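First residue of the sequence shown: -2, per my numbering; consecutive thereafter.
Ideal Cβ positions, reconstructed from N, Cα and C, are used throughout, including at glycine.
The structure presented is a predicted model; accordingly, all values stated were derived computationally and were not measured.
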Amino acid sequence: MASSKTPILSPTRRHFMAGLGAIPLLKATGAVGQTSNRVVVYSTTHPAIQTKLAAAFKEKTGIEVQSLRLNSSAMAQRFLSEQKAKQYLCDVLTLGNDVFFKTISQEGMLRDLSAHKTVAGLKEDWRPGKHFVMITAAPAGIAYHRGSVTGASIPKGWQDLLRPEFKGQLILTDPRMNENLVPFLVVLQQAYGDDFLRKLGQQDLKLVPVTQQGIEQLAAGEAKIVFPCNPGNLTRYEGQGAPIKLVDNVYPTQWTPFYTGIPTHAPNQAAAERWFDYLLSEEGQKILCDGVGVSPLGNIPGALPQPSGKIENPDTAESLKMAPQLFDLLGLPA
């Protein structure tokens, strides 16, 4: 039986700095190279899910998974800096920014996967480019503290966040540090107008660098609401009796996507392909999507159903052009 203790580096500053040294160490110790017994995965997948995936993959293939986890923006910066320095350490890249994937595809940093057997069977919506695919997606929801938010106080929609009782009690992942959250703000603006964002900013928002930190604060009773939040952020608290719950199917609905590609210069190409194929296999999708995401394969046991309402998916590049205006409405300094 494979060990479930797969190395996961969290996005705190201490772990981020440790992470900067962890992967290069593989090269120094001779672990990086054309080998089939190790795969280095840079992924924003929740650590608990990544650990389950890695353990099951190693048991199935004998290949050890070395995982690095940062938020999407930090991960993108890390990957780019390594590529420009020709330090090719990453075998498979997973994060939620399609603009970044399109950019590095155009610059030749990702392999063309359009003819890959695992990709060919996916519906077009899950294949946004020739060089990367969406391996899962989760609809955004609202997490709340079950002890302090009860009955009629439980929010049913985004507009409920403006209630006076939630002033100073709302946690938002800082969109200035996470570009993939900017389209969510566009969804709110398009649905409710500028005044909604202005009033939301007047709710004395508590900002965190990553959603998981917000969930930890919520569980500790330091706030009442975390938004937006996808089911995967609550995974580590399953079965622990934590006082947190998620309001899902909040409309308008916006995806939290997870895109994956294989770098052109991945040092362990064979192992990278096996990990990529595993992510899109029925077994891998059961682990990846169980209770937290929609599967590109369709009817996967435990996966979330496709939202019944329209899914809003603003163009990320166009959304980023609007970022200064959106941040200003929220009262966030640029």
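Proximity of residue i and residue j at Cβ, strictly below 7 Å
| i | j | result |
| --- | --- | --- |
| Lys303 | Ser292 | For clarity, residue 303 is Gln in the given sequence; the question names Lys instead. Against a cut-off of 7 Å, the Cβ pair of Ser292 and Gln303 comes out as no contact. |
| Val179 | Gln251 | no |
| Gly138 | Val207 | no |
| Lys203 | Val146 | no |
| Asp109 | Val36 | no |
| Phe76 | Gly258 | no |
| Val333 | Ala314 | What is shown of the chain runs -2 to 331, which leaves residue 333 out entirely. |
| Gly290 | Leu276 | no |
| Leu326 | Arg195 | yes |
| Ser40 | Thr115 | no |
| Asp201 | Lys164 | yes |
| Asn230 | Gly93 | no |
| Pro135 | Asn227 | It is worth fixing the name first, because residue 135 is Ala in this sequence and not Pro. Yes, the Cβ-Cβ distance between Ala135 and Asn227 is below 7 Å. |
| Ser33 | Ala268 | yes |
| Ser111 | Lys127 | yes |
| Gly288 | Gly299 | yes |
| Ser70 | Met174 | yes |
| Thr261 | Val205 | no |
| Pro249 | Glu162 | no |
Residues that residue i bridges to, as DSSP identifies them
| i | result |
| --- | --- |
| Leu317 | For Leu317, which the question treats as bridged, DSSP gives no partner whatsoever. |
| Met131 | Tyr256 |
| Glu309 | Gln251 |
| His142 | Ile241 |
| Val183 | According to DSSP, Val183 bridges with nothing at all. |
| Gln63 | Val37 |
| Lys203 | Ile168 |
| Phe224 | Leu169 |
| Val89 | Val38 |
| Leu107 | Pro260 |
| Val291 | Ala134 |
Supposed contact pair residue j and residue i - C-beta distance, whole angstroms, cut 8 Å
| i | j | result |
| --- | --- | --- |
| Ile241 | His142 | 6 Å |
| Thr253 | Ile46 | Incorrect: roughly 13 Å between the Cβ atoms, too far for contact. |
| Phe193 | Pro225 | Not a contact, Cβ separation roughly 15 Å. |
| Val244 | Ile151 | 7 Å |
| Thr48 | Phe255 | Actually they are not in contact, since the Cβ atoms of Thr48 and Phe255 sit about 16 Å apart, beyond 8 Å. |
| Gln189 | Gln166 | For the record, residue 189 in the displayed sequence is Tyr; it is not Gln. Not quite, the Cβ-Cβ distance comes to about 20 Å (not below 8 Å), so this is no contact. |
| Glu280 | Ala53 | 7 Å |
| Gln84 | Met106 | The Cβ separation is near 13 Å, so there is no contact. |
| Ile168 | Leu197 | That belief does not hold up - the Cβ atoms of Ile168 and Leu197 are roughly 13 Å apart, past 8 Å. |
| Gln186 | Leu323 | 7 Å |
Closer than 7 Å to chain C by CB, residue i
| i | result |
| --- | --- |
| Met174 | Going by chain labels, chain C is absent from the structure shown, which holds only one protein chain. |
For the pair the region 54 to 74 and the region 271 to 282, tell me if three or more CB-CB distances fall below 8 Å.
A contact between stretches requires three or more CB pairs, one per stretch, nearer than 8 Å, and the region 54 to 74 meets this requirement with the region 271 to 282.
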